[in-house]
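Visitor: Numbers 611 to 800, taken from the working numbering, label the letters of the sequence shown in order. Positions of the beta carbon are idealized from the N, C-alpha and C atoms, including for glycine. Mind having a look at this structure? Questions to follow.
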Amino acid sequence: MEGCIDKARARALARQLRAGWSEEYRRRLGEGMAARLAGWPLWRQSRRIFGFYGTAREPDTRPVLELALAMGKALYLPRVTGPGRMEAVRVRALDKLAPGAWGIPEPPGPAPVPTAELDLILLPCLAAAPGGTRLGWGGGYYDRFLDGRAVPAAVLCPEALIAPFLPAEPHDAPAGWIVTERRVLVCEST
611 MEGCIDKARA RALARQLRAG WSEEYRRRLG EGMAARLAGW PLWRQSRRIF
661 GFYGTAREPD TRPVLELALA MGKALYLPRV TGPGRMEAVR VRALDKLAPG
711 AWGIPEPPGP APVPTAELDL ILLPCLAAAP GGTRLGWGGG YYDRFLDGRA
761 VPAAVLCPEA LIAPFLPAEP HDAPAGWIVT ERRVLVCEST
């Protein structure tokens, strides 16, 4: 993906690049990302992982979520609580998820865990840059969820959607790593 000047243009370009993704391609992206995570030391030492359930416009994250459960990690997913707000809720089995806000599968059940108790947060994106800038979908859910907390965060981003530069605003905290289907990239901000 080329360097972009503003967020609106960057989002439009990223959406255009994603438009033709097949289910098979999304699955391969998710499997590649899970394979990269499986050997990554930070993933291996993390006990409490916050992930997300990929939509039809994102890599299939089921392989990543299944890996976390298979490795005995405490897996948390977002549950939307209001406009621009979400909480981390423990998931013990993916078949217990139910459609929530925006039709995205969410965990039912117990009370949420405070963000500070998580060991690693996996972030979705439209695109990412090597400096750790994450271009989100525009709702601000993850910016509010992170809200300056010092929990290690990695963006799950297909290699084709890494841009040399993306615009950032003061509230956009950079991620420490980008996980693609090919590698784990240590961001320049780390």
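From R621 to P774, what does the alpha carbon distance come to, in whole angstroms?
Guide: Cα-Cα distance, rounded: 15 Å.
Visitor: Return the residue from the list W631, P768 and R792 that minimises the CA-CA distance to R646.
Guide: Taking only the C-alpha atoms, the option nearest R646 is R792.
Visitor: So what does DSSP say about E769, is it helix, strand or coil?
Guide: Three-state DSSP puts E769 in a helix.
Visitor: At the level of alpha carbons, what is the spacing between E676 and Y751?
Guide: So the two alpha carbons sit approximately 24 Å from each other.
Visitor: For G613, does the count of other Cβ atoms within 10 angstroms reach 16, so buried, or fall short, so exposed?
Guide: Unreliable placement is indicated for G613, whose pLDDT of 48 sits below 50; the coordinate value is still reported in the next sentence. That one is exposed.
Visitor: Can you list, in chain order, the residues of its chain whose CB lies under 6 Å from that of S632, leaving out five sequence neighbours each side?
Guide: None.
Visitor: Who are the near neighbours of G710 in its chain, counting only those whose CB is closer than 8 Å to its CB and skipping five residues on each side?
Guide: These residues qualify, in order along the chain: R689, V690 and E716.
Visitor: Mind listing, in chain order, the continuous beta strand (DSSP E) runs of no fewer than 3 residues lying wholly within the segment 725-772?
Guide: The segment 725-772 contains these whole beta strand (DSSP E) runs: 730-733 and 763-766.
Visitor: If V674 and L687 are in contact, beta carbons under 8 Å, what's the gap, nearest whole angstrom?
Guide: At roughly 11 Å, the Cβ-Cβ gap does not stay under 8 Å, so V674 and L687 are not in contact.
Visitor: Taking 8 Å as the cut-off, decide whether the C-beta atoms of A737 and L745 are in contact.
Guide: Yes. Within cutoff.
Visitor: Just to check my reading of the structure: Y663 and L707 have Cβ atoms closer than 8 Å, yes? What is that Cβ distance to the nearest angstrom?
Guide: That belief holds up - the Cβ atoms of Y663 and L707 are roughly 7 Å apart, short of 8 Å.
Visitor: Roughly how many whole angstroms lie between the Cα atoms of M681 and E798?
Guide: Answer to the nearest angstrom: the Cα atoms are 29 Å apart.
Visitor: Can you give the beta carbon distance from G742 to A785, rounded, assuming they're within the 8 Å contact cut?
Guide: Indeed, because the Cβ distance is near 5 Å, the residues count as touching under 8 Å.
Visitor: Taking DSSP as the reference, what is the three-state secondary structure of R776?
Guide: At residue 776 the sequence reads Leu, which differs from the Arg that was named. Coil, per DSSP.
Visitor: When DSSP builds the beta bridges, which residues end up paired with R700?
Guide: Answer is Y686.
Visitor: Span of the beta strand (DSSP E) holding R672?
Guide: Segment R672 to A680 is the alpha helix (DSSP H) holding R672; no beta strand (DSSP E) there.
Visitor: Please return the same chain residues whose Cβ sits closer than 8 Å to the Cβ of G719, not counting the five positions on each side in sequence.
Guide: Closer than 8 Å at Cβ, skipping near neighbours: V699, R700 and K706.
Visitor: Could you tell me if V796 is buried or exposed, where buried requires 16 or more neighbouring beta carbons within 10 angstroms of its beta carbon?
Guide: Burial call: exposed.
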